[in-house]
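Enquirer: Taken in order, the sequence shown gives residues 1 to 638; the numbers are from UniProt numbering.
Glycine is no exception: its CB is placed at the ideal position from the N, C-alpha and C atoms.
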Amino acid sequence: MRAMTKANVGVDPELLRTVYDVIRRGNPFAEAYMMMKEEECLELEKAKLENREPTEIKLLFETGKQLDRRLGYNVPRANEVAAVYVPGADGEVPDAKVVVRQRGKELKILNSADAMVTPMTYPLFYPSGTLGWHPELKQSNSIRRVTRLQYVCYSLAIRKEFNPILYGGKLFQQYCVDEYVKIEGDRLRWIRMNQKKICAEAYKNIDNMMFLRSQELGLPLGRKVILPPSVTNSPRYVEKHFQDAMAVVRRFRNPDLFLTMTCNPMWSEIVDNLFHDQVTSDRPDLVVRVFYLKVKAVMQQIVKLRIFGSVLAWMYPVENQGRGLPHIHLLLTLSEEDKLLTSDDVDKRGISARIPEKGTEIFDLVKRFMIHGPCGSLNPNSPCMEEILENGKKIRKCSKGYPKAFQEKTLVLENGLTLYARPDDGRKVEVLVSGNRVELDNRWVVPHNPYLLKVFRCHINLEKVNSISSVKYLHKYVHKPPDRARLELETRNDHDEVKEFIDARYVCPQEAVWRILELPMYDRSHSIMALPVHLQGEQICYFDETMSEEEILERTRNCSELLAYFALNKINMTSKALLYHQLPEKFCFSKGKWTERKSHFNAIGRMVKVSPAEPERYHLRLLLLNVRGASSYEELKT
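#1: Quick one: which unbroken beta strand (DSSP E) runs of 3-plus residues sit fully inside the stretch 370-416? Chain order, please.
#2: Do the CB positions of HIS526 and ASN602 come within less than 7 angstroms of each other?
#3: Around the C-beta of MET266, are 16 or more other C-beta atoms found within 10 angstroms, so that it is buried, or is it exposed?
#4: On the DSSP bridge assignment, give the partners of ASN320 in chain order.
#5: Can you list, in chain order, the residues of its chain whose CB lies under 8 angstroms from that of SER521, leaving out five sequence neighbours each side?
#6: Quick check on GLU201: does DSSP put it in helix, strand or coil?
#7: Closest by CA to ASN27, which one among LEU15, GLN301, TYR122, CYS263?
#8: Less than 7 angstroms between the beta carbons of LEU124 and MET116, yes or no?
#9: Taking the alpha-carbon positions, what's the MET261 to ARG437 distance?
#10: Where LEU636 and GLN536 are concerned, what is the direct C-alpha to C-alpha distance, given to the nearest angstrom?
#11: Going by the beta-carbon positions, is the gap between ALA259 and LEU330 smaller than 7 angstroms?
#12: What does the Cβ neighbour count give for SER230, buried or exposed, with the cut at 16 atoms within 10 Å?
#13: Whole angstroms are fine: how far does the CA of ARG597 sit from the CA of ILE571?
#14: Count the other CB atoms, across all protein chains shown, that sit within 10 Å of the CB of GLN139; report buried if there are 16 or more and exposed otherwise.
#15: Under 7 angstroms, do GLY629 and LYS593 count as touching if we go by C-beta distance?
#16: Can GLU386 and SER377 be called in contact, C-beta distance under 7 angstroms?
#17: Tell me which same chain residues have a C-beta within less than 8 angstroms of the C-beta of LEU432, skipping the five on either side of it?
#18: Helix, strand or coil, according to DSSP, for ILE109 in the structure here?
#19: Identify the continuous alpha helix (DSSP H) that holds CYS588 and give its terminal residues.
#20: With which residues is ASP523 paired in a DSSP beta bridge?
#21: Determine the direct distance from the alpha carbon of SER155 to that of LYS46, and round the result to whole angstroms.
#22: Quick check: the stretch 278-290 against the stretch 342-350, are there 3 or more CB pairs under 8 angstroms?
#23: On the three-state DSSP scale, how would you describe ASN442?
#24: By the DSSP assignment, the alpha helix (DSSP H) with LEU188 in it spans what residues?
#25: On the three-pair Cβ rule with 8 angstroms, is the stretch 241-255 touching the stretch 297-317?
#26: Are there 16 or more other CB atoms within 10 angstroms of the CB of THR574, so buried, or fewer, so exposed?
#27: Excluding the five sequence neighbours on either side, which residues of its own chain have a C-beta within less than 7 angstroms of the C-beta of PHE172, listed in chain order?
#28: Near SER382, what residues of its chain come up, given a Cβ to Cβ distance below 6 angstroms and the 5 sequence neighbours on each side ignored?
#29: Would you say the stretch 283-290 touches the stretch 300-312, given that touching needs at least three Cβ pairs under 8 angstroms?
#30: Assuming ALA512 and TYR180 make a contact with CB atoms under 8 angstroms, what is their CB distance in whole Å?
#31: Given a cut-off of 7 angstroms on the beta-carbon distance, is the pair ALA353 and TYR420 in contact?
#32: Provide the residue(s) that pair with ARG606 in DSSP beta bridges, ordered along the chain.
#33: Going by beta carbon distance, what residues of the same chain come within less than 6 angstroms of residue 639, once the five residues before and after it are set aside?
#34: For VAL152 and VAL177, I'd like the C-alpha separation in whole angstroms.
#35: Within 10 angstroms of the Cβ of PRO356, are there 16 or more other Cβ atoms? Answer buried if so, exposed if not.
#36: Look up GLU614 in the DSSP assignment and say whether it is helix, strand or coil.
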């Protein structure tokens, strides 16, 4: 059957026969269960006996519906395997069930936690039928259980001995996304089943939001299922990181530079480590490991070697979108003496939007990595093209504003907007567009730093942050939700963040491997401490069921950061000069008390966001933002 498919016309039939024989002889599942070919033969015999046409046996993959890129629902453009999973009616990640037919018996359904699922799904990786992960799997010489994530990490390891999984090509990509979806499903299932263990304050905020939403829609209050901020890319995770970023902006003012770095699949560190006849897309594990090391290297250049000057603060998320290659969006805040205030500062710091002299190494790098598109009339189907209304008419334009206008010299305008030098100097690069050779000039160059481009040899866009009004936009862009594959709109008043989070999630192999290896999806220069804001007697306190009544009462007296702040101000003169949110810079909170830091630590405090729908808490927060050294609620009000 495999040999007859169009994709496998060039495959050696003897090789397929050998693989079939090896699995048939050595795999216990092949003996116990029927294969697809046997199922087809059985159907042909039944059809002949019943004097009817045989039913075609096939696998169906349901395509999505309406797409909306503005909301993160993107059409995948990479040549890769990916997972697009949609929640069922109960909001769960669909369990990856395997349906098999035992010889002489009816169909049998195996769920994803069954040890037989992986070897039966991937017989080429487990030709002898070795059992896969199951919940009772123990570590060697230990009573501790092996988690699914640990097991998959182990299976991806590069070893001296032959590991068939790493030679699987697109089947390896499928294995990565398949196992990651199972891991994510396990986590989300636990969250759904343990809602009572999730922070009570989050429930209170959701209650307020749901009340306002029910009034707006004229619907009764629905049910709520929330995701904690520990779930990467969940709504609360995205909101938390956005608020943390705003805390850094409040402390160090606006960022100065915005850098986007995209993985180059042809880096020598990737290509030189591919196995025989492999291409880069065959090894998402290699792509991810190398890119992570490159990110650390670029941070070394910027933060340690100070190529742009002294860096006060930085932050970046890692993205793996529909194009398949990981990239980062890095925001940098420079010290006062190193800020880019003038045109000369921009030029001297090395932000260029020009084509270099022909025949040089940097010319080839700019041509390869830093030319936009082209788009517009040269390529109307470019991914950057979008439909907009102009003078009442729908027209298609580049969403990035290319081609830019010629500009003889760099200008920094009063509103902070920077126009990079793009002189009409006759320099051009020649590129292929739909088989035609096209010449492009400086108007098509993406701003970059020539030094970083030469060192890292990849797309590495560098721009000056233009204005105060753009800061929030940049942070919202940097902290946007993950990719989705399709969109369905439905009016409902239930608030189920688990279901909303997994609604048609698009997961590419690179993201799957990144998450499986537990590499950081986000990094920043400072630790951010979210400080609670609560009314008197309404602090949240956690305690063990085994505690005595006296122990519980003792814990409630000083269990919150705010109450401990009031207590500290009665005995410490340093804290009396600080606002509540400034406290983590000088003090650390442990065991219900604030203690002065003995060594420098990059920490910033921020108060949690409070809705105006809670007027008392909202105004309490305003007081804490302006009153220093209060030792009680009463003193705070006077």
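Expert: With the given structure in hand:
#1: List check, beta strand (DSSP E) in window: 385-390, 393-398.
#2: Their beta carbons are under 7 angstroms apart, which means HIS526 touches ASN602 by this criterion.
#3: Exposed: under 16 other Cβ atoms inside 10 Å.
#4: Answer is PRO326.
#5: Sequence check: residue 521 is Met here, not Ser. THR232, ASN233, PRO317, VAL318, TRP514, ARG515.
#6: Bear in mind that a pLDDT of 44 at GLU201, under 50, signals an unreliable position, so the number given afterwards is only what the model happens to contain. In this structure, GLU201 counts as helix in the three-state DSSP scheme.
#7: Distances from the alpha-carbon of ASN27 to those of LEU15, GLN301, TYR122, CYS263 put TYR122 closest.
#8: No. Outside cutoff.
#9: The alpha-carbon atoms of MET261 and ARG437 are separated by roughly 27 angstroms.
#10: Those two C-alpha atoms are separated by around 12 angstroms.
#11: It should be noted that the sequence gives Leu, not Ala, for residue 259. Closer than 7 angstroms, so yes.
#12: Its Cβ having fewer than 16 others within 10 Å, SER230 is exposed.
#13: About 16 angstroms.
#14: When all chains shown are included, GLN139 counts as exposed.
#15: Against a cut-off of 7 angstroms, the Cβ pair of LYS593 and GLY629 comes out as no contact.
#16: Going by C-beta atoms, GLU386 is not nearer than 7 angstroms to SER377.
#17: Only VAL438 meet the Cβ criterion.
#18: In the three-state DSSP reduction, ILE109 falls in the strand class (E or B).
#19: CYS588: not part of any alpha helix (DSSP H); member of the beta strand (DSSP E) spanning 587-590, first to last residue.
#20: ASP523 is bridged to TYR316.
#21: Between LYS46 and SER155, the C-alpha separation is close to 42 angstroms.
#22: Two segments are said to touch when three or more pairs of C-beta atoms, one from each, lie closer than 8 angstroms; by this definition the stretch 278-290 does not touch the stretch 342-350.
#23: Here ASN442 sits in helix by DSSP.
#24: Per DSSP, LEU188 belongs to the alpha helix (DSSP H) from 170-193.
#25: Verdict: yes, contact present.
#26: Exposed, by the Cβ-count rule.
#27: Within the same chain, PHE172 has close Cβ partners ILE165, LEU166, ASP282.
#28: Excluding residues within five positions, the ones whose Cβ falls inside 6 angstroms are GLY373, CYS375.
#29: No: the two stretches stay apart, fewer than three of their Cβ pairs being nearer than 8 angstroms.
#30: Beta-carbon to beta-carbon, ALA512 and TYR180 are separated by about 4 angstroms, close enough to satisfy the 8 angstroms threshold.
#31: Annotated as proximal: ALA353 and TYR420, with beta-carbon spacing under 7 angstroms.
#32: Here ARG606 is bridged, per DSSP, to ALA530.
#33: The structure shown does not extend to residue 639, since the chain spans only 1 to 638, so no value can be given for it.
#34: Using only the alpha carbons, I get a separation of about 11 angstroms.
#35: By the Cβ neighbour-count rule, PRO356 is buried, with 16 or more other Cβ atoms within 10 Å of its own.
#36: Secondary structure at GLU614: coil, using DSSP grouped into helix, strand and coil.
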